[in-house]
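Note that my numbering has the sequence shown beginning at 1384, numbered continuously upward. All remarks here apply to the structure that follows.
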Amino acid sequence: MRGMVNSTAPTMLERLLDSIVDQLPPEAAEVFTNLYAPDDVKARLDALAEKILSGGLEPAEQDEYDGLMQIVHAVSMIQERIDLRHGVQPPSVTDSGTYIESVDIGSPVVPMPTSTKPVAQFDGLEALLDDLDENMRPRSRG
């Protein structure tokens, strides 16, 4: 049928990730799986996250944060792909170090205006940042 998507076919992103991993020699894959962010970068991400929680970022800061998070996410996806190729299963949710995962939060719900000032909620943001810190540390492969 026209317009139907085969959910078992790899997505473009999966094909790109597979292509990148396929081209890595074993030594490069090992180095890639042990990549981590330097302390000053982690500190900057933490500072930007704090600003998000306390009122928001300036446009330039938002661009910086978004760019950093895109790189972190891309590296994490490639690391996970390398691990899967070598039979290493991602840690379970109960492990202290977990992979950053995409979360489906559903369709946005726009509340009706009220007379009180809305309260911003960032449930789980601190946990996400803690997980990010854990994932950016070097991992030993054995």
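Beta carbons: idealized from backbone N, C-alpha and C, even for Gly.
Presumed contact (8 Å Cβ cut-off) between residue i and residue j, rounded CB distance
i: Gln1462; j: Thr1416; result: 5 Å
i: Leu1431; j: Leu1440; result: 6 Å
i: Arg1464; j: Val1404; result: 5 Å
i: Leu1407; j: Met1460; result: That pair is no contact at about 14 Å.
i: Glu1444; j: Lys1434; result: 7 Å
CB contact check: residue i to chain C, cutoff 8 Å
i: Lys1434; result: Included in the structure is just one protein chain, with no chain C present.
Run of the alpha helix (DSSP H) containing residue i, from where it starts to where it stops
i: Leu1396; result: Met1395 to Gln1406
i: Thr1391; result: Note, Thr1391: premise wrong, no alpha helix (DSSP H); not H, not E.
i: His1373; result: No statement about residue 1373 is possible, as the shown extent of the chain runs from 1384 to 1525 and does not include it.
i: Pro1421; result: Premise fails: Pro1421 is in no alpha helix (DSSP H) and is neither H nor E.
Whether or not the segment 1423–1430 and the segment 1442–1455 are in contact is what I'm after, with contact meaning three or more pairs of Cβ atoms, one per stretch, closer than 8 Å; do they touch?
Cβ pair count under 8 Å is three or more, so yes.
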